[in-house]
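Residue numbers (our numbering), protein chains in the order written: chain A, 938 to 1013; chain B, 80 to 218.
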């Protein structure tokens, strides 16, 4: 079980908000910290992996619970 | 880390339906560590005049639907254009350039532009950035 350091709740917002929010938090976080991002934007399922890939952060896990996507991200 | 990817957009329009996609891309590009360059020309110049983003409307006959669209945008929790630009700028990756010729043609002075504008430039400056850009768009 991964221990979450920071929670980001983007539920109810749409593109580009989840990416803008996670980016802002990740920029201010320390390397190795784990962020849990929760989002309901259906685009986030592909957008978050695209963001982690381009920024060098690590997407550890993606889970879907109903309409909510949950992403665990390790800050680079 | 490799050289950042670059996005260059010529912003030719100042209608709501064009400015939203432009600022969605700019704020997301900035969040993806891309270097984003927005070149405002012709009608696009109105978007970087003080108060310009707030007065952006839908194009042509659709203009009458602007209020309805703005309410829908608000209800969907999509930020205003001004707020989106602010978020884009907070990434420190998004640069705004004003076209010098358009300023002359439209009698726009530097003082009328929002302070976020990074420079007043011509075609050569845009081309020199666009040549090395990975994505170039005209909107």
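We put the CB at the ideal spot given by N, CA and C, even for glycine.
Computed from a prediction, not measured in an experiment: that's the story for all the values here.
With distances taken Cα to Cα, identify the nearest neighbour of residue i among the options.
i: residue 951 of chain A; options: B/156, B/192, B/217; result: B/156
i: residue 953 of chain A; options: B/83, B/113, B/103; result: B/103
i: residue 195 of chain B; options: B/214, B/172, B/154, B/143; result: B/172
i: residue 201 of chain B; options: B/89, B/82, B/140; result: B/89
i: residue 989 of chain A; options: A/1003, A/1001, A/964; result: A/964
i: residue 959 of chain A; options: B/191, B/93, B/110, B/101; result: B/110
Output yes or no for whether 8 Å exceeds the beta carbon distance between residue i and residue j.
i: residue 108 of chain B; j: residue 86 of chain B; result: yes
i: residue 1012 of chain A; j: residue 973 of chain A; result: no
i: residue 213 of chain B; j: residue 84 of chain B; result: yes
i: residue 163 of chain B; j: residue 95 of chain B; result: no
i: residue 975 of chain A; j: residue 1005 of chain A; result: yes
Have a look at the DSSP bridge pairing and note the partners of residue i.
i: residue 215 of chain B; result: B/87
i: residue 117 of chain B; result: B/88, B/175
i: residue 945 of chain A; result: A/974
i: residue 1010 of chain A; result: A/972, A/996
i: residue 1001 of chain A; result: A/1006
At which residues does the beta strand (DSSP E) containing residue i begin and terminate?
i: residue 143 of chain B; result: From DSSP, residue 143 of chain B is part of no beta strand (DSSP E); its letter is neither H nor E.
i: residue 200 of chain B; result: 198 to 200
Using a Cβ-Cβ cut-off of less than 7 Å, list which residues of the segment 104 to 133 of chain B approach chain A; keep chain order. 106, 107, 110, 111, 112
Cβ-based contacts, 9 Å cut-off: residues of the segment 145 to 175 of chain B near chain A: 155, 156, 157, 158, 163, 166, 167, 169, 170
Could you please tell me which residues of the segment 962 to 994 of chain A, in chain order, have their CB closer than 7 Å to any CB of chain B? 988, 991, 992, 993
Closer than 8 Å, Cβ to Cβ, to anything on chain B: give me those residues from the segment 940 to 957 of chain A, in chain order. 949, 950, 951, 952, 953, 954, 956, 957
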